[in-house]
Amino acid sequence: MSTVTAPEPKAFDSGLTIPDFAACLSMGLRPVGLVQGYYVGQIASWNNYSAYPDINYPCACMEAEIHNPGWVGRVDGLDSSWASAHGTALTRILKEAGDLGAHGIVGVTTEMNHPTNENSCEVHLYGTAVVVEGSHAPRIPWTTQLAGHKLAKLIEAGLVPVSVIYARCTAVMAEGCYMEFYGSGRCGTGYEIKPLQDAHELARSGAINAVKKVANRASLYDVKLSVHESERYKSTYITCSLLGSLVRQVRTTLPIASPVPTINLGS
Amino acid sequence: MSTLPSDLPKDAGARLAELEHGLFTSDLSVNEFLLVKQTGFHPLGLVMGSSIYHIGLQKGSWGSSQELTKLTAAMYNARELAMNRMEEEADQLGADGVVGVRLDVNFYEWGHDSAEFIAVGTAVKAEDGTSYRNKLGKPFTSDLSGQDFWTLAQTGFMPQALVMGTCVYHIAHRTLGQALGQLGQNAELSNFTQAMYDARELAMKRMQDEATNVGATGVVGMRLEEKNHQWGEHAIEFLSLGTAVARRPGSENVSPPRPTTIITFDN
Amino acid sequence: MTGGTAPLEGAEHKEADLGELGRLLGEGQHHGDAIAGGNTSDLSLDEILLLHSVGLEPADVVFGIGCVSITQGAWVWGTGEVTDARSAFHKALDDAKATMRRGCRQAKAVGVLGVEVEIEMSHHRCVIVVTGTAVRPVVDQSGSPIFKVDYHNNPFLSDLSARDFVVLSTSGWYPLDLVAGVCYAHAPRRSMGTAIGQSTQNVELTNFTETLYQAREEAMEQLQSHITAAGGTGLVDAKIVDRPMHFAHHVVEFIAYGTAIKMLAKEHTHPTMSLVMPLDDVVNKFEATSLAG
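The listed protein sequences correspond, in order, to chains A, B and C.
Just add 14 to the spot in the first sequence (first one is 1) and you have our numbering.
Just add 95 to the spot in the second sequence (first one is 1) and you have our numbering.
Just add 8 to the spot in the third sequence (first one is 1) and you have our numbering.
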């Protein structure tokens with residue numbers, strides 16, 4: 015059992031539960047403080063059609079989108095504003111952790127929602143910054159939503175955390191995509207409604223591929239995909255958001271002994 | 096194959112015949128499936144029974160608390176019909192019993208004053224060929240989960256039947272005199288208290304009578320459900336459900352295994 | 009998706025050497041040193057470790073979507089079954105499964121675990137989306153896979169979690185396919201009022217009972233024939249949906265779906281079981297909102 019160094023006289027705060035705190039100390043991770051990153055912003059309203067595509071609207075988040083009837087494709091404007099909101103919050107939490115001299119952030123929780131209406135977004139990240147005893151600080155602190163013994167398991171499996179990640183992709187099915195025929199049932203039963211199918215697939219694969227592009231041989235796990243469908247001016251927008259963790263494999267995963275099945279009489 | 100009892104629809108016959116040839120279906124979770132196998136039983140198939148029942152009108156008198164016997168009889172009969180059909184299907188399969196029975200009630204918009212009672216469970220059969228049917232020669236039924244079924248079997252007891260008792264009780268309205276007399280005081284609403292007592296006792300007694308009829312020595316996993324009766328005001332329905340059990344002959348010296356106490360580090 | 013409640017007892021817990029730990033955590037920041045190619049999964053860490061113990065690892069998140077049209081007027085109150093809805097459901101499910109299998113083959117996976125099925129039935133179409141994690145065999149030093157079961161290039165699809173898969177496979181049962189049986193039945197047309205009059209009698213409504221009963225039995229038969237078609241001998245963890253349709257109240261929906269399984273070992277192996285009684289009470293996780301005044 016490694017000797018546990020008592021924390022320095024300077025007080026620290028942490029959001030770890032007691033078992034996680036004990037596990038972190040026994041792993042040699044010393045908590046230095048609770049850090050957070052926060053961003054709230056507005057997304058300017060965006061038009062479905064624009065007859066004048068080269069007019070610059072006064073908000074950096076908005077892009078005018080022109081759709082031909084019957085078009086299925088990606089919509090970038092809204093996605094990039096959400097992604098940059100998350101990115102800004104992440105940058106801020108990393109800066110706070112860096113100022114404390116931390117090596118990484120454990121127990122990161124991500125909250126994203128619309129605080130007022132559809133056109134606003136709020137991102138709140140918080141976690142506990144830790145220092146790895148006997149090691150030097152990396153250039154950018156690593157982040158992970160795990161803490162305590164789960165983090166220990168991750169490391170024993172030969173994986174190290176890199177970052178929490180968010181991606182989002184919106185696909186649109188513009189009006190007139192044969193929906194009057196296929197979507198209303200006039201065609202009969204049993205026809206594949208390809209435009210809707212394509213839009214769904216595009217949204218999902220777009221989100222996953224966006225992460226793969228930046229992953230750079232890291233692995234993505236604990237992915238949570240949520241898909242949201244909405245309609246605006248007769249076009250259907252399908253948005254897929256993805257939250258996950260990037261980890262990197264640095265050692266072969268050693269096989270674990272088969273666990274013993276038990277019957278729990280406690281509940 | 097014995098001829099189908101006239102109560103079950105003809106489609107049931109074809110489906111059950113398939114199940115007799117080794118195919119099985121179940122809504123047991125994987126844990127429950129393995130535990131049922133561990134107890135020495137093999138699942139045969141999903142068995143269902145349902146009944147759409149119209150409940151006759153009955154109003155209680157204003158001033159006195161009383162059981163609404165017609166409504167009680169209706170709720171009882173309806174559930175009995177559903178459960179009996181389920182048992183018949185299990186009988187048809189040659190099962191020793193049914194585990195994980197769920198009793199549900201569905202109300203439909205088009206069904207005024209009527210409801211559908213459904214009983215669903217998984218029929219099981221002992222792998223060593225000994226019969227586990229109850230004293231009435233019918234397959235046992237129980238709402239025990241797979242885990243509870245295994246644990247019960249370790250004690251040497253086996254389920255005999257799912258027993259229930261019902262009571263629909265009308266509660267007298269408080270008279271004006273009573274209300275005025277207790278204005279501004281903390282007071283017990285004795286009408287209600289007495290009515291609840293009586294109703295619960297009736298429901299539990301009926302359940303115990305059923306248990307005795309089937310030759311059981313006790314009831315486990317008993318629960319008392321109290322619902323505002325769906326049609327009729329000031330009426331409450333008590334449903335008492337439990338699994339009647341009896342010791343297997345020759346298991347007097349079986350002692351259940353002692354559990355190990357643990358503290359888990361999962362949160 | 010989190011795994012079950014079986015604690016990892018018996019696993020050797022080696023104390024992490026501090027220096028080693030620091031080096032490993034520091035290494036994470038250098039690019040290009042990962043020894044294995046990236047993979048994507050929606051499994052939790054416990055599930056990944058359990059899969060490794062049977063020789064599998066997650067490969068990619070795969071999904072499949074089926075959108076099929078339903079003709080106009082299919083939901084008007086008639087008699088018997090809404091066959092259009094049933095055929096649309098099955099076609100949508102087959103399309104979704106086929107897309108998922110294509111993604112599986114691309115990822116060189118042997119099957120998909122933890123499939124979540126989302127079913128949306130509306131007036132004019134049926135949309136089914138299936139999402140899961142494809143798993144592939146881990147290859148040992150000599151290049152041969154540790155997971156020995158050969159699915160003959162027909163990946164399995166199952167809604168079992170990775171944990172359930174490991175437990176089931178240790179007993180000798182393996183998943184084959186996701187199968188479903190479905191029935192949309194009209195309630196009988198004859199109005200209840202005329203059937204009963206002003207009756208105060210308790211009576212069973214036999215024609216209603218029979219209609220719904222038959223509908224459910226048909227759905228279960230479909231399920232059984234799909235299990236046999238997939239080559240399975242059984243089904244575990246059937247999910248049952250049984251309710252009136254939200255947009256057409258006179259139609260009752262019954263869906264039963266689950267994973268078809270088959271015993272591939274010679275006989276069922278019982279896991280050695282032990283009883284435990286945990287002494288912990290629930291621990292409340294820290295919430296930042298509690299900081300607000």
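For glycine and all other residues, C-beta sits at the position ideal for the given N, C-alpha and C.
Treat the numbers as computed from the prediction; the structure is a model and nothing was measured.
Would you decide whether residue i is buried or exposed? Buried here means 16 or more other CB atoms lie within 10 Å of its CB.
i      : result
B/F202 : exposed
C/E138 : In the sequence under discussion, the amino acid at residue 138 of chain C is Val, which differs from the Glu named in the question. Buried is the call here.
C/W85  : exposed
C/K99  : buried
A/K164 : buried
A/K248 : exposed
C/I136 : buried
C/F255 : exposed
B/P352 : exposed
C/V260 : buried
A/Y180 : buried
B/V194 : buried
C/S305 : This structure leaves residue 305 of chain C out entirely; chain C is present only between 9 and 301.
A/C75  : Its pLDDT being 30, under 50, A/C75 is placed unreliably in this model, and the coordinates cannot settle the point.
B/G224 : exposed
Using DSSP bridges, identify the partner residues of residue i.
i      : result
A/R182 : A/S255
A/H242 : A/T253
B/M253 : B/A341
B/N323 : B/I331
A/R44  : A/V145
A/A37  : Its beta-bridge partners do not exist; DSSP assigns none.
A/G55  : A/C135
C/P183 : C/I269
A/W14  : Outside the displayed span of chain A (15 to 281) sits residue 14 of chain A, for which this structure offers no information.
B/Q161 : B/H265
A/E206 : C/V76
A/L104 : DSSP, once it has assigned bridges, lists no residue as partnering A/L104.
Quick check: the Cα distance between residue i and residue j, rounded to an integer number of angstroms?
i      : j      : result
C/T267 : B/A282 : 57 Å
A/E245 : A/G258 : 27 Å
B/K107 : C/S233 : The question names Lys, but residue 107 of chain B in the sequence shown is Ala. One C-alpha to the other measures close to 14 Å.
A/S94  : A/N127 : 16 Å
C/T91  : A/S177 : 50 Å
C/A106 : C/L165 : 10 Å
A/P209 : B/E222 : 53 Å
C/T236 : B/V258 : 36 Å
A/Y140 : A/R106 : 10 Å
B/G337 : B/R318 : 6 Å
B/T246 : B/L114 : 27 Å
B/S146 : C/M108 : 40 Å
B/S160 : B/S285 : 11 Å
C/G111 : A/A213 : 17 Å
A/G87  : A/T250 : 11 Å
A/A166 : C/L59  : 18 Å
B/I150 : A/I32  : 56 Å
A/Q50  : A/H138 : 7 Å
A/E136 : A/L234 : 24 Å
A/V264 : A/A171 : 9 Å
A/R262 : C/G239 : 39 Å
B/N179 : B/A173 : 10 Å
C/V284 : B/T250 : 16 Å
Give a yes or no on whether 8 Å exceeds the smallest Cβ distance from residue i to chain F.
i      : result
B/I150 : Reference to chain F is not applicable here, since the protein chains of this structure are A, B and C.
Inside the region 244-288 of chain C only - beta strand (DSSP E) runs reaching at least 3 residues: Segments of the beta strand (DSSP E) lying fully in the region 244-288 of chain C: 259-271, 282-286.
Are the region 117-133 of chain B and the region 179-191 of chain B touching by the rule of at least three beta carbon pairs closer than 8 Å? Because the criterion of three Cβ pairs below 8 Å is not met, the region 117-133 of chain B and the region 179-191 of chain B do not touch.
Inspect the CB distances between the region 210-229 of chain A and the region 150-170 of chain A and report whether three or more fall short of 8 Å. Look at the beta carbons and you see the region 210-229 of chain A not touching the region 150-170 of chain A: under three pairs across the two are nearer than 8 Å.
For the region 228-237 of chain B against the region 165-173 of chain B, do three or more pairs of beta-carbon atoms, one drawn from each stretch, fall closer than 8 Å, so that the two count as touching? No: the two stretches stay apart, fewer than three of their Cβ pairs being nearer than 8 Å.
Touching by the beta-carbon criterion (3+ pairs, under 8 Å), the region 222-239 of chain A and the region 248-256 of chain A: At 8 Å Cβ cutoff, the stretches touch.
Using 8 Å as the Cβ pair cut-off and three pairs as the minimum, do the region 262-276 of chain C and the region 177-197 of chain C touch? Contact between the region 262-276 of chain C and the region 177-197 of chain C is present, because at least three Cβ pairs lie under 8 Å.
Runs of alpha helix (DSSP H) wholly within the region 155-237 of chain B (minimum 4 residues, chain order): Listed in chain order, they are 164-187.
Write down every uninterrupted run of the beta strand (DSSP E) in the region 104-169 of chain C whose length is 3 residues or greater and which is fully enclosed by it, in chain order. Segments of the beta strand (DSSP E) lying fully in the region 104-169 of chain C: 119-129, 133-145.
Okay, do the region 238-257 of chain B and the region 138-145 of chain B touch, 3+ Cβ pairs below 8 Å being the bar? Cβ pair count under 8 Å is below three, so no.
At a cut of 8 Å, does the region 76-84 of chain C reach the region 142-156 of chain C through at least three beta carbon pairs? No, the region 76-84 of chain C is not in contact with the region 142-156 of chain C.
At least three beta-carbon pairs within less than 8 Å, the region 209-218 of chain B to the region 290-302 of chain B: In this structure the region 209-218 of chain B does not touch the region 290-302 of chain B; the number of beta carbon pairs closer than 8 Å is below three.
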